[in-house]
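The numbering of the sequence shown is UniProt numbering, which starts it at 1 and goes up by one. In what follows, a single structure is set out as structure tokens and then discussed.
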Amino acid sequence: MTAGRPGTSGAAAAPKGGPPGGRGRRLIPAYLATGGRERPRGTAGFDRLTLLVATDQQPPELDFGPEHRRLWTLLRPGALTVVECAAHLGLPVSATVFLAADLVGGGHLLARSPVPKAEEIDRTLIERLLVGLRALP
Numbered sequence: 001m002t003a004g005r006p007g008t009s010g011a012a013a014a015p016k017g018g019p020p021g022g023r024g025r026r027l028i029p030a031y032l033a034t035g036g037r038e039r040p041r042g043t044a045g046f047d048r049l050t051l052l053v054a055t056d057q058q059p060p061e062l063d064f065g066p067e068h069r070r071l072w073t074l075l076r077p078g079a080l081t082v083v084e085c086a087a088h089l090g091l092p093v094s095a096t097v098f099l100a101a102d103l104v105g106g107g108h109l110l111a112r113s114p115v116p117k118a119e120e121i122d123r124t125l126i127e128r129l130l131v132g133l134r135a136l137p
């Protein structure tokens, strides 16, 4: 767990509003957090590894539910990926995508594409570099 995150103490914390001890099912089904929608709004390019960052706007109020506010509060200290947010909130990743898409659309969060994998280095370039280094006096 990341130090400084609400509800974390270095060990797995129970989801807020979940059963005592962090075991068992949520009392409220995760699909209610999405408002019963089938598809999130404006999620072109959303991925499990999309980085989310809270903006300086005021916290979401009337237009959003308690799960939205929990996500926004979780992201106040810094950036997390969608999958990390889902783990902290105790929600499925798909439900967290809905919440994040709503907050991004409202200007409360910024979303950044995942960092691309590094390109494979050309082996001949490395070999030429080694030959050059060995030739140095």
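Cβ atoms here follow ideal geometry from the backbone N, Cα and C, with glycine treated the same way. None of these values were measured; they are calculated from a predicted model.
- For L49, same chain residues with a beta-carbon under 6 Å away, outside a window of 5 residues either side, are T81, P114 in chain order.
- V53 is bridged by DSSP to L110.
- For the 8 Å CB-CB criterion, L103 and P60 form a contact.
- A straight-line Cα-Cα distance of about 23 Å links G106 and A87.
- Across the structure, D47 and R134 are spaced so that their CA atoms are roughly 45 Å apart.
- Note that the C-beta distance between L109 and A100 is below 8 Å.
- A direct Cα-Cα distance of roughly 23 Å separates G65 from R112.
- With a contact defined as Cβ atoms closer than 8 Å, A54 and L75 qualify at about 4 Å.
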